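Okay, structure first, notes after.
Number of protein chains: 2
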Amino acid sequence: MSRYWSDFVHKLVPYVPGEQPKIPNLVKLNTNENPYPPSPRAIAAMQAELGASLRRYPDPTSGALVDAVAAHFGVPRECVFVGNGSDEVLAHVFLGLFRHAEPILFPDITYSFYPVYCGLYGIDYTAVPLDESFAIRVDEYLRPNGGIIFPNPNAPTGVPLPLDDIERLVSRNVDSVVVVDEAYVDFGADSAVALTQKYPNLLVTQTLSKSRSLAGLRVGYAIGHPALIEALVRIKDSFNSYPLDRLAIVGAAAAMADGDYFAQTCRAVVDSRTALVAELQALGFSVLPSAANFVFARHASCDGAELAQALREKAVLVRHFRSPARVAPYLRVTIGLPEENAALIAALRAILA
Amino acid sequence: MSRYWSDFVHKLVPYVPGEQPKIPNLVKLNTNENPYPPSPRAIAAMQAELGASLRRYPDPTSGALVDAVAAHFGVPRECVFVGNGSDEVLAHVFLGLFRHAEPILFPDITYSFYPVYCGLYGIDYTAVPLDESFAIRVDEYLRPNGGIIFPNPNAPTGVPLPLDDIERLVSRNVDSVVVVDEAYVDFGADSAVALTQKYPNLLVTQTLSKSRSLAGLRVGYAIGHPALIEALVRIKDSFNSYPLDRLAIVGAAAAMADGDYFAQTCRAVVDSRTALVAELQALGFSVLPSAANFVFARHASCDGAELAQALREKAVLVRHFRSPARVAPYLRVTIGLPEENAALIAALRAILA
């Protein structure tokens, strides 16, 4: 605490990311990274840029990346905004599109960064309870609001919302912006990107950190009506003219263009998830239906915090959330390589024996 | 304009960075980039990181870079904050340390991003006139304020403020934070970093974009009392957990550690500046005393805007600011390679003939 701080900083409760420990031989299944390396074409593109050109500022519009994203989705480039990770994109969304008289709405169990952005920018929110199967109740979002945001599939549950439900929610909220945070969509949920060309109040965000294996490069984007994109550009140009460095722009653009590698690695993760779910169920876990690169699972008799700690002692890291109370029995387990998933199952088998 | 925007976005006037045109054989002296490439050790460090590890999130604390900055300056690591370019660092400073009841103070002629941050975060400011020689009048900053910020040397003038004056300004403003933006300090001004260990209200920001030749990598930092740093960390952790990518962390850390290359390239720029100033004066320019990697010069008889346009037609790009009126006669010219400076002089000679 310091008298030099702006007042709200004293009350600010920052987001806590998953651990990035430097323990050798750790089976790291706690931060939803992709088990496969980035596209070789992305690495090659960065290799070509790594040199004297770094003395120059990047293109402030990240034009090459905007074009690559637009081409991938078949949308006009005016519908694309890129940023330094989808967390930065989301921060600009909260500041530029969510500061209205009414509170914004998001699920009570969801990405825990949303209430943090609200604290940062002085935005009111209402957390809307999921139903007993951890699904979003669309009808609960049909009320006055200053904006709506939810991940699809949801985090940390992995549960997807059908596209029909998303369209109903968007079409019944024409007075506010609906943001679908599709960080994990490529692992089995239906993307709402095509709907952005129909509904001017829909914004979809995605990241290269999960399905493009580039968490270490920090690139995310948003797709929506040009008027929504313009608000984000105004915020960005009033915050940092060059949020993406030269290496990130070329690497991310090349990753977006490498559709074959993307499809192949996503499929491998989904296949591993199917196998892992069966093994977890055989060990007495109930697993929520996941369309993500992680599963959310609780054991019939073992406490979530205790299991996470016991796994840690066996050098297997998974993520456990103490609150809200309803998720405390669960573990969130990232899908790893087949041998990492096998190590997890072996460790659990030893713990539960 | 859109009804979906947060209200303040309608009035927001973003910063306009210098052009980054893609014209071959351009003599580009408009955005104060370093004419020399980055340290070979920085390139080598990024080379070693470029590969499969990019699938992993970076260290959210950028610990290796914080350590390198702390070691370079001989300050505790708790006194160091790093960000995605010093523009991002400054944005967090405005939000976390400058939002108080009184307006903040900065010079009327200065880095034009400062009023933009105020617009972004709803901060009042008073622009304090420079004196007739474009120097900061310290006495004008001894009044109630919510914070003070100025570049040293100032931008776009290049004029430095002596360290004694800075200490007087800081010591007479113990109730507010004084930020010295040292983007250009390594080209001839005296750094206030050592004073941060004496005054808890002093924060110094620097960037790797100029003296470290890494504008394309987006890395900046702040040095100050741990309580000031904690405010910035809280903001950062409420905005984007991982603002620096894995390549930027290792590349910037290596650049900070390469003192010899840094000293050698800074010296070369300063020597070129001395030569360029003499040539500009011989052509009828008056040049403000510069401690930066650029000069601010006006011609005795030629208009600034016209000169900038005439140079552009000869494929030489310099920066011209239309406002405030007092700077409109001037050109801001980045110090280039000796042959680039010679091309500028040749072009001016032809224009003025």
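Note that the protein sequences, when read in sequence, are chains A and B.
Under the numbering used here, the first residue of the first sequence carries the number 108, and numbering increases by one thereafter.
Under the numbering used here, the first residue of the second sequence carries the number 108, and numbering increases by one thereafter.
The C-beta atom is built at its ideal place from N, Cα and C for all residues, glycine as well.
Remember, it's a predicted structure, so these values are computed and weren't measured experimentally.
Three-state class that DSSP yields for residue i in the structure shown
| i | result |
| --- | --- |
| residue 73 (chain A) | Since the first and last residues shown for chain A are 108 and 460, residue 73 (chain A) lies out of range. |
| residue 127 (chain A) | coil |
| residue 211 (chain B) | strand |
| residue 115 (chain B) | helix |
| residue 237 (chain B) | coil |
| residue 257 (chain B) | strand |
| residue 243 (chain B) | coil |
| residue 310 (chain A) | strand |
| residue 133 (chain B) | coil |
| residue 232 (chain B) | strand |
| residue 249 (chain B) | coil |
| residue 458 (chain B) | helix |
| residue 216 (chain A) | coil |
| residue 226 (chain B) | helix |
| residue 108 (chain A) | coil |
| residue 143 (chain A) | coil |
| residue 206 (chain A) | coil |
| residue 221 (chain A) | helix |
| residue 262 (chain A) | coil |
Residue i to residue j span [Cα, whole Å]
| i | j | result |
| --- | --- | --- |
| residue 480 (chain A) | residue 434 (chain A) | Here chain A comprises residues numbered 108 to 460, so residue 480 (chain A) is not present and cannot be evaluated. |
| residue 109 (chain B) | residue 334 (chain A) | 6 Å |
| residue 140 (chain A) | residue 262 (chain B) | 42 Å |
| residue 439 (chain A) | residue 455 (chain A) | 14 Å |
| residue 443 (chain A) | residue 165 (chain B) | 18 Å |
| residue 411 (chain A) | residue 437 (chain A) | 5 Å |
| residue 270 (chain A) | residue 292 (chain A) | 12 Å |
| residue 159 (chain B) | residue 119 (chain A) | 35 Å |
| residue 122 (chain A) | residue 289 (chain A) | 19 Å |
| residue 199 (chain A) | residue 162 (chain B) | 25 Å |
| residue 282 (chain A) | residue 111 (chain B) | 8 Å |
| residue 346 (chain A) | residue 399 (chain A) | 32 Å |
| residue 393 (chain A) | residue 380 (chain A) | 14 Å |
| residue 296 (chain A) | residue 395 (chain A) | 14 Å |
| residue 402 (chain B) | residue 432 (chain B) | 18 Å |
| residue 286 (chain A) | residue 173 (chain A) | 19 Å |
| residue 145 (chain B) | residue 229 (chain A) | 41 Å |
| residue 176 (chain A) | residue 363 (chain A) | 6 Å |
| residue 210 (chain B) | residue 357 (chain B) | 38 Å |
| residue 259 (chain A) | residue 237 (chain A) | 13 Å |
Neighbour list for residue i in chain A, Cβ cutoff strictly below 7 Å
| i | result |
| --- | --- |
| residue 160 (chain B) | 323 |
Where residue i meets chain B, residues with beta-carbon distance less than 9 Å
| i | result |
| --- | --- |
| residue 99 (chain A) | No answer is possible for residue 99 (chain A): it lies beyond the span of chain A, which begins at 108 and ends at 460. |
| residue 226 (chain A) | 345 |
| residue 124 (chain A) | 164, 167, 344, 348, 349 |
Listed by chain order, chain A residues near residue i by CB distance under 8 Å
| i | result |
| --- | --- |
| residue 353 (chain B) | 323, 324 |
| residue 437 (chain B) | Neighbours of residue 437 (chain B) on chain A: none; closest Cβ ~22 Å, over 8 Å. |
| residue 338 (chain B) | 109, 111, 112, 113, 116 |
Chain B contact residues for residue i, given Cβ-Cβ distances below 7 Å
| i | result |
| --- | --- |
| residue 192 (chain A) | 347, 349 |
| residue 341 (chain A) | 116, 119, 121 |
| residue 127 (chain A) | 164, 166, 167 |
| residue 223 (chain A) | 345 |
| residue 370 (chain A) | Chain B residues near residue 370 (chain A): none, gap ~17 Å exceeds 7 Å. |
8 Å Cβ cut-off: residues of chain B touching residue i
| i | result |
| --- | --- |
| residue 231 (chain A) | Residues of chain B passing the Cβ test: none, with the nearest at roughly 13 Å. |
| residue 195 (chain A) | 346, 347, 350 |
| residue 143 (chain A) | 162 |
Under 9 Å by beta carbon: chain A residues contacting residue i
| i | result |
| --- | --- |
| residue 335 (chain B) | 109, 111, 112 |
Going along the chain, which residues of the region 311-323 of chain A sit with their C-beta nearer than 8 Å to a C-beta in chain B?
-> Residues of the region 311-323 of chain A with a C-beta atom less than 8 Å from some C-beta of chain B are 316, 320, 321, 322, 323, listed in chain order.
Sequence ranges, beta strand (DSSP E) only - wholly within the region 336-406 of chain B, length at least 3 | 392-394, 401-406
Would you list, in chain order, the members of the region 145-174 of chain A that have their beta-carbon closer than 7 Å to a beta-carbon of chain B?
-> 145, 150, 153, 154, 157, 158, 159, 160, 161, 162, 163, 164, 165, 166, 167
Under 7 Å (Cβ pairs) to chain A, residues found in the region 284-311 of chain B = 284, 308
Output the residue ranges of the alpha helix (DSSP H) runs that lie fully inside the region 158-202 of chain B and measure 4 residues or longer, sorted by chain position.
-> Fully enclosed alpha helix (DSSP H) runs of 4 or longer: 170-180.
Which whole runs of the alpha helix (DSSP H) in the region 410-449 of chain B are 4 residues long or more, in chain order?
-> Runs found: 411-420.
Return the residues of the region 423-435 of chain A that lie within a Cβ-Cβ distance of less than 7 Å from chain B, sorted by chain order.
-> none
In the region 198-211 of chain B, which residues sit with their C-beta less than 8 Å from some C-beta in chain A, listed in chain order?
-> 198, 202, 203, 204, 205, 206, 207
What are the start and end residues of each continuous alpha helix (DSSP H) run of 4 or more residues lying completely inside the region 269-335 of chain A, in chain order?
-> 270-278
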